[in-house]
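Worksheet: one structure, shown below.
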Amino acid sequence: MPQAFATRWTREGSEVVVTIAGEVDLTTAPRVREAVKDARDSVAPVALTTVILDLSEVEHLDSLGLAVLVETAAECHSAEQALALVCPTPVVTRPLEMTGLDGILTITASLEEAREAARKYLSGKA
């Protein structure tokens, strides 16, 4: 039985982590977009440096879910914020690889790796 769709986010200093569970598709992609917006809006734009999307509980990712990831990447880039994805399963990594987004987005296997990738990105901007 599929896991129920859910989003939650936490904030720690200048970082927000948005965790998404279940299927990301036509009906749930707008809720993902809203959760990311709420999380990013919870921190003053000047203070927010890092957005991490934890997709480790995602069971399906369709083209609308991919579009939300691309939109989020563009928004973070414009705001000079680091974006990293936690994608430890083929359910998420396969669509990213098939579309070539794995060469554009920062994809990691764990939250710790995502934080390290964000630190490296931010230190390279200085």
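Here the sequence shown is numbered in full-length UniProt numbering, starting from 1 and rising by one per residue.
Glycine is no exception: its CB is placed at the ideal position from the N, C-alpha and C atoms.
Just so it is clear, the structure is predicted and the values come from calculations on it, not from any experiment.
DSSP three-state call for residue i: helix, strand or coil?
i, result
"D25", "coil"
"L61", "strand"
"D41", "helix"
"S56", "strand"
"G124", "helix"
Compare the Cα-Cα distances from residue i to each of the options and report the closest residue.
i, options, result
"V92", "I20, A117, A35", "I20"
"L64", "P90, S123, T27, D54", "T27"
"L101", "L48, A118, L66", "L66"
"L11", "H60, V58, S42, P95", "The displayed chain sequence assigns Arg, not Leu, to residue 11. Closest option to R11, Cα to Cα, is S42."
"A47", "C76, E23, R33", "C76"
"V70", "A39, F5, A29, A109", "A29"
"V68", "A114, K37, E116, V16", "K37"
Going by DSSP, name the residue or residues bridged to residue i.
i, result
"T50", "E15, A82"
"R8", "T19"
"I107", "L85"
Sorted by chain position, which residues of the same chain lie with C-beta nearer than 6 Å to residue i's C-beta, five sequence neighbours on each side aside?
i, result
"A82", "T50, A118, Y121, L122"
"G13", "none"
In chain order, what residues of the same chain lie with their CB nearer than 7 Å to the CB of residue i, ignoring the 5 residues before and after it?
i, result
"P45", "A79"
Who are the near neighbours of residue i in its chain, counting only those whose CB is closer than 8 Å to its CB and skipping five residues on each side?
i, result
"A73", "L83, I104, L105"
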